[in-house]
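Colleague: Chains as they are written, first to last, in the numbering used here: chain A, 81 to 335; chain B, 81 to 335; chain C, 81 to 335. We put the CB at the ideal spot given by N, CA and C, even for glycine. Please read all numbers here as calculations on a predicted model, not as lab measurements. For reference, the structure I am asking about is given below.
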Amino acid sequence: MSVVTLLSDFGTANGYVGAMKGVIKSMAPDAELIDITHDITPFSISYAAYTILNYYNHFPKGTIHVCVVDPGVGSSRKGLILQSEQAFYIGPDNGLFDLLMLEESLLRLYEINDLAESSSTFHGRDVFAPVAGLIATGTDPSKLGKAIPLKKPKPFQFRKVGSILYIPKLITDHFGNIIFAIKRNELSRKTIRAIYYKGYKFDRINNFYAQEKAGGLLCLWNSLNFLEVAQNQGSAAEYFSACAEDEIEIHLDEK
Amino acid sequence: MSVVTLLSDFGTANGYVGAMKGVIKSMAPDAELIDITHDITPFSISYAAYTILNYYNHFPKGTIHVCVVDPGVGSSRKGLILQSEQAFYIGPDNGLFDLLMLEESLLRLYEINDLAESSSTFHGRDVFAPVAGLIATGTDPSKLGKAIPLKKPKPFQFRKVGSILYIPKLITDHFGNIIFAIKRNELSRKTIRAIYYKGYKFDRINNFYAQEKAGGLLCLWNSLNFLEVAQNQGSAAEYFSACAEDEIEIHLDEK
Amino acid sequence: MSVVTLLSDFGTANGYVGAMKGVIKSMAPDAELIDITHDITPFSISYAAYTILNYYNHFPKGTIHVCVVDPGVGSSRKGLILQSEQAFYIGPDNGLFDLLMLEESLLRLYEINDLAESSSTFHGRDVFAPVAGLIATGTDPSKLGKAIPLKKPKPFQFRKVGSILYIPKLITDHFGNIIFAIKRNELSRKTIRAIYYKGYKFDRINNFYAQEKAGGLLCLWNSLNFLEVAQNQGSAAEYFSACAEDEIEIHLDEK
């Protein structure tokens, strides 16, 4: 029995996700469908790419992860199957899997073959769900696509000016926590002197939200070890009017 | 093992859907529950009716579809069981299944018997979930309701003035795509000269969203073959301030 | 095969719930995961406590209910396992189970042992999901925590002035229905003379919403037998600008 997880930006009200579930259940009656989310901000590939990091490595071996945030549907963008020791990942080739590829050891990568009868507007139902159904029932991905060379996406970029790192904002989550594109291990040998975000100075890196009183501002390494700015029981994104271009400043001690 | 799908306008936060799931699992432990959506706009029967079209025909034979958008709960409106070759549909008799009945070949239609102990406000839990649980465990619908004549709802209405069709808006979806009450096959023998929506002229019918650049306006036959106005990577509903009374004009070539 | 239900205020878009599901499926492959909701208003323990009442008693015997609304994560607040004849409940010790404990007969209560490797910010994934996975595979809760005395939370409080009861607002639901902290049986021997909410007088207690015309205001005993103010096919919360401090007045006939 295969586990098939589903992530999309479709919302659920229109029934598009229902259609994908029906296609998979019809092809693979024993597959167990697990919703991750359908509430990705519409068209937000970067939000989805970060979300995938939160769950991909917790599922049983052989899990099939279908991920569809697909503003280029119908164009010449290809569909992908990523195969690792642990899992399969199925979705469009538009950067959705870039963060995953920085962390997960891929074995093989396939470009999905064109399917004659697919609609131009709904590859979730007509391409990605059928591919998931076939893999769930044992079809080898090499039958469904052309193997292409593994590509390593470029790691997170940030500016360094003197002893200050300027780290771009990655995403804002559901609670209004603001997450930046740097992980704890990148600074493991550095001493941090101070952290500034929009003029606000964080005196320390907290361990958990409730270390500050309700409404208190804090920064911490979150459960994925990314740097995060939060407001205990509030929305840091609202407090700071966070926007896409924001950077956080990490002042290092360069002795 | 039966598949039981669930659609409602309950949201999930209140636990009403949880109660329905518990009732079904208690009666039919082997039933597999699949969420379609609980985010139908509250009380919007027409939105739900369109949503059903998106998924009903993709599920395995014998699937039980529970659909509850029920502003008249507790009144004299009846509950229905629709039986087709493929599936069972369970829900209130308030127009929720009208679009489905235009497309799906029904075999039988039943009015659900009154249940003595049901609450007046929550038939999802007290009527429709138990009926689904009983059908999932093999009870024949004829034991649960009275067979009534199949009724064919009236097809989509539109005005025709000279060579112009005025098509009413059906719904707006999660992405802000605006969907109109006409299907591709109704115009298959016609030549379309132009399409106007709120003064905006569409020069062609696109095949997919990404044929226009981001922000570009377009119309296309969507994945259900309804006419749809969209903005690539944006919300056409916001752009046009779409409202319920809107019509789209299709100018035909009447040579 | 165990049923494991999930309630949280995480939303789904960030993948936190996905991580919990992966952890449980990895530990208990046969467990069946059922979403209750992840749309609890962030940090709203009282909303979640009420929601639990709606579904807890409808699931099959042995169901494991995981409930995580946890603003104090990482602090010294403990995790709990509640065991009844019917079910297990797992979540933080912060009042989330207070309404449940007024209704459900508990057999045993455990404080979850500290887990060495858990993160400070995500006990849903690192504590509550693993505990659920272990119970689902047969581990006795006494192996996972220390038995502590059962505590009975204090029942609903209200003021009584002469023959008038002032009942505090409990929550507002998804439809904008306003629910108050009193149950029908508490007034079973009383005669109600009138009910006032923010100056509006309800002439009777309705049986169902559609007894009033669309837009009509009403009050009724809801499907959990709590007193509820509603607007048929509308939002009473919007109509009345409901806020947390609101009370409803029940005027009794004290003959």
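Taking the alpha-carbon of SER156 (chain B) as reference, which of B:ASP194, B:ASP115, B:SER321 and B:ARG269 has the nearest alpha-carbon?
Modeller: Cα-wise, what sits closest to SER156 (chain B) is B:ASP194.
Colleague: Please classify GLN237 (chain A): is it buried, with 16 or more other beta-carbons within 10 angstroms of its beta-carbon, or exposed?
Modeller: So GLN237 (chain A) counts as exposed.
Colleague: If contact means a Cβ-Cβ distance below 7 Å, which residues of the stretch 209-233 of chain C contact chain B?
Modeller: Within the stretch 209-233 of chain C, no residue qualifies.
Colleague: Three-state secondary structure (DSSP) at LEU182 (chain B)?
Modeller: LEU182 (chain B): helix per DSSP, three-state reduction.
Colleague: Short of 8 Å in beta carbon distance, which residues of its chain neighbour THR131 (chain A), apart from the five on each side in sequence? Order them along the chain.
Modeller: Closer than 8 Å at Cβ, skipping near neighbours: LEU87, ILE116, THR117 and ILE120.
Colleague: With 8 Å set as the bound, which would you pick, yes or no: does the beta-carbon of ARG205 (chain B) sit closer than that to a beta-carbon of chain C?
Modeller: Yes, ARG205 (chain B) lies at the interface with chain C (some Cβ there is under 8 Å from its Cβ).
Colleague: Determine, using beta carbons only, whether LEU113 (chain A) comes closer than 8 Å to chain C.
Modeller: Chain C, which has no Cβ nearer than 8 Å to the Cβ of LEU113 (chain A), makes this no.
Colleague: Using C-beta distances below 7 Å, list every residue in its chain close to GLU183 (chain B), excluding the 5 sequence neighbours before and after it, in chain order.
Modeller: Excluding positions up to five away in sequence, the list reads LEU133.
Colleague: Hey, does PHE306 (chain A) have any beta-carbon neighbour from chain B nearer than 8 Å?
Modeller: Closer than 8 Å: no.
Colleague: Look at ASP220 (chain C) and ARG273 (chain C) and say whether their C-beta atoms are less than 8 Å apart.
Modeller: It is not a contact, given that the beta carbons lie outside the stated cut-off.
Colleague: For the stretch 142-157 of chain C, which residues have a CB atom closer than 7 Å to at least one CB atom of chain A, in sequence order?
Modeller: Taking 7 Å as the Cβ-Cβ cut-off against chain A, the residues of the stretch 142-157 of chain C that qualify are PRO151, GLY152, VAL153, GLY154 and SER155.
Colleague: Identify each residue in the stretch 95-110 of chain C for which the Cβ-Cβ distance to at least one residue of chain A is less than 7 Å, and report them in chain order.
Modeller: Listed in sequence order: GLY95, TYR96, GLY98, ALA99, LYS101, GLY102, VAL103, LYS105, SER106 and PRO109.
Colleague: Round the Cβ separation of LYS105 (chain B) and VAL83 (chain C) to the nearest angstrom and send it over; I've been treating them as touching at under 8 Å.
Modeller: Rounded, the Cβ-Cβ distance is 6 Å, consistent with contact.
Colleague: Give the residues of chain B in contact with THR117 (chain C), contact being defined as C-beta atoms less than 9 Å apart.
Modeller: Chain B residues near THR117 (chain C): GLY91, THR92, ALA93, ASN94, GLY95, VAL97, GLY98 and HIS118.
Colleague: Taking 8 Å as the threshold (beta carbon to beta carbon), is PRO122 (chain A) in contact with chain B?
Modeller: So, interface residue.
Colleague: Applying the criterion that 16 or more other CB atoms from any shown protein chain within 10 Å of the CB defines a buried residue, is ASP89 (chain B) buried or exposed?
Modeller: That one is buried.
Colleague: Which same chain residues, not among the five before or five after GLY91 (chain C), have their C-beta less than 6 Å away from its C-beta?
Modeller: So the qualifying residues of the chain are HIS118.
Colleague: Three-state secondary structure (DSSP) at ASP206 (chain C)?
Modeller: Three-state result, ASP206 (chain C): helix.
Colleague: By a C-beta neighbour count over all protein chains shown, 10 Å radius and 16 as the cutoff for buried, is LEU298 (chain B) buried or exposed?
Modeller: Under this definition LEU298 (chain B) is a buried residue.
Colleague: Identify each residue in the stretch 126-143 of chain A for which the Cβ-Cβ distance to at least one residue of chain C is less than 9 Å, and report them in chain order.
Modeller: Hits within the stretch, in order: TYR127, ALA128, TYR130, THR131, ILE132, LEU133, ASN134, TYR135, TYR136, ASN137, HIS138, PHE139, PRO140, LYS141 and THR143.
Colleague: Whose C-beta lies closer than 7 Å to the C-beta of ALA324 (chain B) among residues of the same chain, with five residues either side of it excluded?
Modeller: The residues are LYS249.
Colleague: With distance defined between alpha-carbon atoms, name the residue in B:ILE244, B:THR217, B:GLN166 and B:LYS263 nearest to HIS331 (chain B).
Modeller: That would be B:ILE244, whose Cα lies nearest to the Cα of HIS331 (chain B).
Colleague: Please report how far the alpha carbon of ASP283 (chain C) lies from the alpha carbon of GLN311 (chain C), in whole angstroms.
Modeller: Spanning the two alpha carbons is a distance of roughly 14 Å.
Colleague: Taking the beta strand (DSSP E) that LYS232 (chain B) belongs to, which residues open and close that run?
Modeller: First-last for LYS232 (chain B): undefined, no H or E at that position.
Colleague: Is any beta-carbon of chain C found at less than 8 Å from that of HIS254 (chain A)?
Modeller: Yes, HIS254 (chain A) counts as interfacial toward chain C.
Colleague: With the cut-off set at 8 Å, would you say PRO140 (chain C) and PRO109 (chain B) are in Cβ contact?
Modeller: Taking 8 Å as the Cβ cut-off, PRO140 (chain C) and PRO109 (chain B) qualify as a contacting pair.
Colleague: Please confirm whether THR201 (chain A) has its beta-carbon closer than 8 Å to some beta-carbon of chain B.
Modeller: Closer than 8 Å to some Cβ of chain B, the Cβ of THR201 (chain A) qualifies, so yes.
Colleague: Run through the DSSP bridge pairs and tell me what LYS226 (chain B) is partnered with.
Modeller: Answer is B:GLU191.
Colleague: Out of A:GLY171, A:MET181, A:HIS254 and A:PRO172, which has the shortest C-alpha to C-alpha gap to SER388 (chain A)?
Modeller: The structure shown does not extend to residue 388 (chain A), since chain A spans only 81 to 335, so no value can be given for it.
Colleague: I'd like the list of long-range same chain contacts for ARG264 (chain C), defined as Cβ closer than 6 Å, with 5 residues on each side in sequence excluded.
Modeller: For ARG264 (chain C), where only same-chain residues beyond five positions count, the Cβ hits under 6 Å are TRP301 and ASN305.
Colleague: Do we get a CB-CB distance below 8 Å when we pair VAL241 (chain A) with the residues of chain C?
Modeller: So no, VAL241 (chain A) is outside the interface.
Colleague: Quick one: what does DSSP say THR219 (chain B) is sitting in, helix, strand or coil?
Modeller: It is coil, neither helix nor strand.
Colleague: Within 10 Å of its beta-carbon, does MET107 (chain A) have 16 or more other beta-carbons around it, so buried, or fewer, so exposed?
Modeller: The residue is buried, with at least 16 neighbouring Cβ atoms inside 10 Å.
Colleague: So, PHE320 (chain A) versus LYS278 (chain A), is the Cβ gap smaller than 8 Å?
Modeller: Closer than 8 Å, so yes.
Colleague: Give a yes or no on whether 8 Å exceeds the smallest Cβ distance from LEU179 (chain A) to chain C.
Modeller: Not closer than 8 Å to any Cβ of chain C, the Cβ of LEU179 (chain A) fails to qualify, so no.
Colleague: Where does LYS293 (chain B) fall in DSSP's three states?
Modeller: DSSP places LYS293 (chain B) in coil when its eight states are reduced to three.
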